[in-house]
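*Asks:*
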Amino acid sequence: MRRKLVVGNWKMNGSRLLNAELLAGLDGAGPWVSDVAVCAPYPYLADVALSLQGKRIAWGAQDCSSREAGAYTGDVSAAMLAEFGCKYVIVGHSERRAYHAESDQLVADKAKIALAHNLTPIVCVGETLAEREANQTDVVVKRQMSAVIHTLGHCISQVVVAYEPVWAIGTGKTATPEQAQAVHALLRTQLHAATPKSAEMQLLYGGSVKPDNAATLFSQPDIDGGLIGGASLKVADFAAICRAAG
Ligand code: 13P
Numbered sequence: 000m001r002r003k004l005v006v007g008n009w010k011m012n013g014s015r016l017l018n019a020e021l022l023a024g025l026d027g028a029g030p031w032v033s034d035v036a037v038c039a040p041y042p043y044l045a046d047v048a049l050s051l052q053g054k055r056i057a058w059g060a061q062d063c064s065s066r067e068a069g070a071y072t073g074d075v076s077a078a079m080l081a082e083f084g085c086k087y088v089i090v091g092h093s094e095r096r097a098y099h100a101e102s103d104q105l106v107a108d109k110a111k112i113a114l115a116h117n118l119t120p121i122v123c124v125g126e127t128l129a130e131r132e133a134n135q136t137d138v139v140v141k142r143q144m145s146a147v148i149h150t151l152g153h154c155i156s157q158v159v160v161a162y163e164p165v166w167a168i169g170t171g172k173t174a175t176p177e178q179a180q181a182v183h184a185l186l187r188t189q190l191h192a193a194t195p196k197s198a199e200m201q202l203l204y205g206g207s208v209k210p211d212n213a214a215t216l217f218s219q220p221d222i223d224g225g226l227i228g229g230a231s232l233k234v235a236d237f238a239a240i241c242r243a244a245g
């Protein structure tokens, strides 16, 4: 039986004060049956670690460098994230693929170095609206997943995958549970060919998950929780989504 996982992706939001209020609120609202984590901007990781130490909410970052260390101005290494107690790191979010031109291979390299530092990469895949309308959804997500499978080999079983259709992110347009389930099933089949542990892997859905649609999405057979953007910034909404995960 796979555990459900709900991860808040704060993106480039928050302040030290707002984060403290949010985390105190979440601490009071839990605990939940499912695993819960928040992925914060880098400068807040030390604060988040202090607030969540010993609590049942894990934390992580939203990206990491594909390099070990060195002359890479502005980048942050997986080793540094591990030092701050991160459990997770998101890699290949569509906003990084779009605004920072991250390739499938770069995303795979980031996942690999994250694992080498005992972080769990949350690997994001997903198609744009144009790709969906051109019936390219399957081709695109399989291509994105395949780069990571080839780079990680049997270690692929250690990643969390998040299917986030780009057209559903921040738009209020959620994929229907059937649309999301279809892609999740496709991904699980692809993972099955790569690892005997595919049935144990957590596959999250992301894109306008809200308290009123979370339970139906999470009840789909291959959807093991969610990667939550906007709604993760509000205590009541995020707590309700965590509850919906069971
Ligand atoms: P929203 O929940 O704001 O649509 O964002 C989803 C997302 O991109 C999470 O990584």
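So the sequence shown is numbered by numbering that gives the first Met the number 0: it starts at 0 and just counts up by one. We put the beta carbon where it would ideally sit given N, CA and C, even for glycine.
(1) Going by DSSP in three states, residue 119 sits in which element: helix, strand or coil?
(2) Look up residue 112 in the DSSP assignment and say whether it is helix, strand or coil.
(3) By the DSSP assignment, the alpha helix (DSSP H) with residue 98 in it spans what residues?
(4) If you reduce the DSSP assignment to three classes, tell me which class residue 71 lands in.
(5) Excluding the 5 residues preceding and the 5 following residue 176 in the sequence, name in chain order all residues of the same chain whose CB lies nearer than 6 Å to its CB.
(6) Just the Cα atoms here: how many angstroms apart are residue 83 and residue 61?
(7) Below 8 Å between beta carbons: does that hold for residue 155 and residue 194?
(8) What I want to know is whether the C-beta of residue 228 ends up closer than 7 Å to one or more non-hydrogen atoms of the ligand 13P.
(9) Could you work out which residue in 111, 231 and 202 is closest to residue 169 when comparing CA atoms only?
(10) Distance, Cα to Cα, residue 103 vs residue 211?
(11) For residue 32, count neighbouring Cβ atoms within 10 angstroms of its own Cβ and tell me buried if that reaches 16, exposed if not.
(12) My understanding is that residue 224 touches residue 203, with C-beta atoms under 8 Å, so please give their C-beta distance in whole angstroms.
(13) Return yes when the C-beta of residue 8 is under 7 Å from any heavy atom of the ligand 13P, and no when it is not.
(14) Quick one: measure Cβ to Cβ for residue 35 and residue 29, integer angstroms, because I've assumed they're closer than 8 Å.
(15) Assign residue 27 to one of three DSSP states: helix, strand, or coil.
(16) Relative to the C-alpha of residue 79, which candidate in 95, 135, 50 and 59 has its C-alpha closest?
(17) In whole angstroms, what separates the C-alpha of residue 9 from that of residue 147?
(18) Starting from the Cα of residue 105, find the closest Cα among 117, 91 and 115 and give me that residue.
(19) Hey, residue 166 and residue 128 are a contact pair by Cβ (cut 8 Å); roughly how many whole angstroms apart?
(20) Can you tell me whether DSSP reads residue 154 as helix, strand or coil?
*Replies:* Here's the rundown:
(1) The sequence position of residue 119 within the sequence shown is 120, counting from 1. Of the three classes helix, strand and coil, the one that applies to residue 119 here is strand, per DSSP.
(2) For this step, residue 112 is matched to residue 113 along the sequence shown. Three-state result, residue 112: helix.
(3) Residue numbering aside, residue 98 sits at position 99 when the sequence shown is read from its first letter. Element bounds for residue 98: 93–98.
(4) Translated into the one-based positions of the sequence shown, residue 71 becomes position 72. Residue 71 falls in the coil class under three-state DSSP.
(5) Along the sequence shown, read from residue 1 onward, the residue named residue 176 stands at position 177. Once the five neighbours on either side are set aside, the close Cβ partners of residue 176 are 215, 216 and 219.
(6) In the sequence shown, residue 83 corresponds to position 84, counting from 1. In the sequence shown, residue 61 corresponds to position 62, counting from 1. Taking the straight line joining both Cα atoms gives about 14 Å.
(7) If you number the sequence shown from 1, residue 155 lands on position 156. If you number the sequence shown from 1, residue 194 lands on position 195. For residue 155 and residue 194, yes; Cβs fall inside 8 Å.
(8) Within the sequence shown, the letter at position 229 stands for residue 228. Yes; taking the cut-off as 7 Å, the Cβ of residue 228 has a heavy atom of the ligand 13P nearer than that.
(9) By one-based count along the sequence shown, residue 169 stands at place 170. Of the candidates 111, 231 and 202, the one whose C-alpha sits nearest the C-alpha of residue 169 is 231.
(10) As a working note, residue 103 is residue 104 in the sequence shown. As a working note, residue 211 is residue 212 in the sequence shown. Approximately 33 Å between the Cα atoms of the pair.
(11) Taking the sequence shown and counting its residues from 1, the one referred to as residue 32 is at position 33. Per the 10 Å Cβ criterion, exposed.
(12) As a position in the sequence shown, residue 224 is number 225, starting the count at 1. As a position in the sequence shown, residue 203 is number 204, starting the count at 1. About 5 Å separates the two Cβ atoms, so the contact holds.
(13) Within the sequence shown, the letter at position 9 stands for residue 8. Yes - the ligand 13P has a heavy atom lying nearer than 7 Å to the Cβ of residue 8.
(14) As a first step, residue 35 must be located in the sequence shown, where it is residue number 36. As a first step, residue 29 must be located in the sequence shown, where it is residue number 30. At roughly 7 Å, the Cβ-Cβ gap stays under 8 Å, so residue 35 and residue 29 are in contact.
(15) Counted from its first residue, the sequence shown places residue 27 at position 28. Residue state, collapsed to three classes: helix.
(16) As a first step, residue 79 is located in the sequence shown; it is residue number 80 there, counting from the start. Measuring from the Cα of residue 79, the nearest candidate turns out to be 59.
(17) Locating residue 9 in the sequence shown gives position 10, counting from the first residue. Locating residue 147 in the sequence shown gives position 148, counting from the first residue. Residue 9 and residue 147: Cα-Cα distance of roughly 24 Å.
(18) Numbered from its first residue, the sequence shown carries residue 105 at position 106. Cα-wise, what sits closest to residue 105 is 91.
(19) On the sequence shown, residue 166 is found 167 positions in, with the first residue counted as 1. On the sequence shown, residue 128 is found 129 positions in, with the first residue counted as 1. With 8 Å as the limit, residue 166 and residue 128 qualify as a contact, their Cβ atoms being about 4 Å apart.
(20) On the sequence shown, residue 154 is found 155 positions in, with the first residue counted as 1. Residue 154 falls in the helix class under three-state DSSP.
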